[in-house]
Amino acid sequence: MSERVHGERKVRGGKLVVVDATVSADKIIDIVLSGDFFLEPDEALGWLTAALEGQPADVSLDHLTAVLDTAARGAELVGFGTRDIALTVLRALGRATTWDDLELEIMETGPLGPPMQMALDEVIVRQVAEGRRAPSLRFWDWASSAVVIGSYQSLSNEVDEAAAERHGIEVVRRVSGGGAMFIEPGNTITYSLAVPDTLVAGMSFQDSYAFLDEWVLRGLRSVGIEAAYAGLNDIASPVGKIAGAAQKRIPGGVLHHVTMAYDIDADKMLEVLRIGREKMSDKGTKSAAKRVDPIRSQTGLSREKVIDALLAEFEQSFGAAYVGLDQATIDEAAALVESKHGTPAWRARVP
């Protein structure tokens, strides 16, 4: 039995690559490579097509790219590259996806405590990876204040636990890497995306951060903030840092979450977080408070209005259905709080 497949990829800042092929006996055959790219010499189109012919349908992205690299020696590819061809092949095979391929949901949960927030993120991405849930966006409603430390951070190095306790701030650890986040319910905008890993197939971690937050930058610009990515995982405006992103990848799924400073009690933050001189040395400032410029000061809008603008941008860009938090997911997350996210052992996994 054979199947005709079709894939397209618009290279960011470049050209369109199109692959049509037949999958038969787990092989890719009868390949037609096309697009609005530039390629010299003319014979190179045949070289690249021949390199794809007969490849196994489960070929890896890296292997296919290497095969195409060999075939392309002496050729000039303008507006695309061999990895773009390989990704287009995977897209035709259904092993790489675009936003347009996804049926997205926006999950509404109501206020949740910090350990439940951590557990719910882990459960949702697992459900998406296993095909039990549609790819999801979730804006968090915080029930109480928290410090959220990265998966690999030292608890004692990052947090003054006595100060946190004095201010009634719970310390939790998330499953993703990155730095500590100081959370107060009315002062923070936090969201997470759980998507299949095919959405970021072939992307570096750095590229995937910016890719998954392109809609957010558009949403921030709609409320007057000229936002852009800065470094690996920060979102900033010309007057300061706005947000920090983090990711966790599991087989089949990607968890991408972002915390934005809507407003901030800088004195309290500096009392609770141990922000050392070494960390600040590459930031061009001696004051941690100056590194974060809250969204409220740049927009004059309420937190709810900013979230509404971001949700509107997401819906307009991709389309999405609103869903509630089902009981099965609540139970699964609550069990994970008991076994992991609510335990001293997890919180102090790096003492």
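Read left to right, the sequence shown gives residues 1 to 351 (full-length UniProt numbering).
Every residue gets a Cβ at the ideal spot worked out from N, C-alpha and C, and that includes glycine.
Item	Value
Check whether the Cβ atoms of L273 and E158 lie closer than 8 Å to each other.	yes
Can you give the Cα-Cα distance for D58 and L104, rounded to whole angstroms?	27 Å
Considering only residues of the same chain and omitting the five flanking positions on each side of R249, which have a CB-CB separation below 7 Å?	D197
Compare the Cα-Cα distances from residue 387 to each of I31, V148 and T190 and report the closest residue.	Missing from the structure shown is residue 387; the chain here goes from 1 to 351 and no further.
Report all residues from its chain with a CB closer than 6 Å to the CB of A245; omit the five preceding and five following residues, and keep chain order.	Y209, N233 and V258
Determine which residues share a DSSP beta bridge with F182 and list them.	V147
Rounded to whole angstroms, what's the CA-CA distance from W215 to L137? Just pull it up for me.	12 Å
When DSSP labels each residue in this structure, what does S281 get in the three-state scheme?	With a pLDDT of only 47 at S281, under 50, the local geometry of the prediction cannot be trusted, and the value read off the model is given with reservation. Coil at S281, not helix or strand.
Can you round the beta-carbon distance between L77 and L61 to whole angstroms, since I take them to be within the 8 Å contact cut?	L77 to L61, Cβ: 17 Å. No contact.
Run through the DSSP bridge pairs and tell me what G324 is partnered with.	E108
DSSP three-state label for E55, please.	What sits at residue 55 in the sequence shown is Gln, not Glu. If DSSP states are grouped into helix, strand and coil, Q55 belongs with coil.
Can you tell which of D84, P251 and A266 has the C-alpha that lies nearest to the C-alpha of A129?	P251
Check whether the Cβ atoms of V67 and A51 sit closer than 8 Å, and answer yes or no.	yes
State the CB to CB distance for the pair R173 and R347, rounded to an integer number of angstroms; the pair is presumed to be in contact (CB under 8 Å).	5 Å
Residues in its own chain within less than 6 Å of P115 by CB, not counting five upstream and five downstream?	V172, V337, H341 and G342
Pick helix, strand or coil for D141, following the three-state DSSP scheme.	strand
Of the choices R296, F314 and G240, whose alpha-carbon is the least far from that of D213?	F314
Taking all protein chains shown into account, decide if F37 is buried (16 or more other Cβ within 10 angstroms of its Cβ) or exposed.	buried
Which of helix, strand or coil does DSSP assign to G276?	Summary for G276: the model assigns pLDDT 49, below 50, so the residue's position carries little reliability; its value from the coordinates is reported in the next sentence. Three-state result, G276: coil.
What does the Cβ neighbour count give for P135, buried or exposed, with the cut at 16 atoms within 10 Å?	buried
Tell me I250's beta-bridge partners as DSSP assigns them.	G253
CB G79 to CB K15, shorter than 8 Å?	yes
In the DSSP assignment, what residue or residues form a beta bridge with L39?	L77
Just tell me which of I85, M118, E271 and D141 has its CA closest to the CA of S339.	M118
With a threshold of 7 Å, establish whether the CB of V18 neighbours any heavy atom of the ligand HEM.	This structure does not include the ligand HEM; it has no bound ligands of any sort.
Return the bridge partner residues of P196 from the DSSP annotation.	G253
Which partner residues does E3 have in the DSSP bridge list?	V23
Can you check which of these residues, T49, R83 and A75, is closest to T65 by C-alpha distance?	R83
Is the CB-CB distance between H6 and A92 below 8 Å?	yes
Among the candidates A333, I264 and I169, whose CA atom is the shortest distance from the CA of G186?	I264
Starting from the Cα of I330, find the closest Cα among E184, W47 and L120 and give me that residue.	L120
Whose C-alpha, out of Q206, L193 and T49, is nearest the C-alpha of R133?	L193
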